[in-house]
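Novice:
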Amino acid sequence: MTIYTGAQLAVRVLKDLGMVGAEETPTAADQAWAEETCDAEIGLLAAKGIPIWNGGDDDIPGQYLTTLSRRIGLAMAPSFGLSDIATATIAMRQAEDDLRILGSVPATGKVQEAEHF
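In the working numbering, the protein residues as written are 45 to 161.
(1) Would you call the region 114 to 130 and the region 57 to 77 touching, i.e. three or more CB-CB distances under 8 angstroms?
(2) Is the beta carbon of residue 121 closer than 8 angstroms to that of residue 132?
(3) Beta-carbon separation of residue 142 and residue 111 under 8 angstroms?
(4) Taking the Cβ atom as the reference point for each residue, do residue 146 and residue 108 lie within a distance shorter than 8 angstroms?
(5) Would you tell me roughly how many angstroms separate the C-alpha atoms of residue 151 and residue 144, rounded to the nearest one?
(6) Just to check my reading of the structure: residue 89 and residue 96 have Cβ atoms closer than 8 angstroms, yes? What is that Cβ distance to the nearest angstrom?
(7) Give the straight-line distance between the Cα atoms of residue 159 and residue 136, rounded to the nearest whole angstrom.
Here is the structure:
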């Protein structure tokens, strides 16, 4: 499984927004701002009870990359004049639903065993 860092996520968000070309490197200021925003948005998602991944704060499993980038990009889009806040907020709810699906435990079909005292 591919793992991404918070810095790689920040670059991905900037590229998904079209603020950085596919083969370009963001400026230090844009990189720092994007990383700061990613950290804040991930904190907000955690406060909402949306599990992002199981692991450390710096390790992002590949299956979360595009959905998390989309959700954070929607939060950043108004800052770049790419969307208005109301439209972005509505779209963020759908992305959050997708993140909940990624964080859910899949059904195994097995009967759960429990000990009774």
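C-beta atoms are modelled at their ideal positions from N, C-alpha and C, and glycine is treated no differently.
Specialist: Put simply:
(1) Short answer: they touch.
(2) With contacts defined by Cβ atoms closer than 8 angstroms, residue 132 and residue 121 form a contacting pair.
(3) Cβ atoms of residue 142 and residue 111: closer than 8 angstroms.
(4) Against a cut-off of 8 angstroms, the Cβ pair of residue 108 and residue 146 comes out as a contact.
(5) Just so you know, the alpha carbons of residue 151 and residue 144 end up roughly 15 angstroms apart.
(6) About 6 angstroms; that satisfies the 8 angstroms criterion.
(7) Distance between the alpha carbons of residue 159 and residue 136: 41 angstroms.
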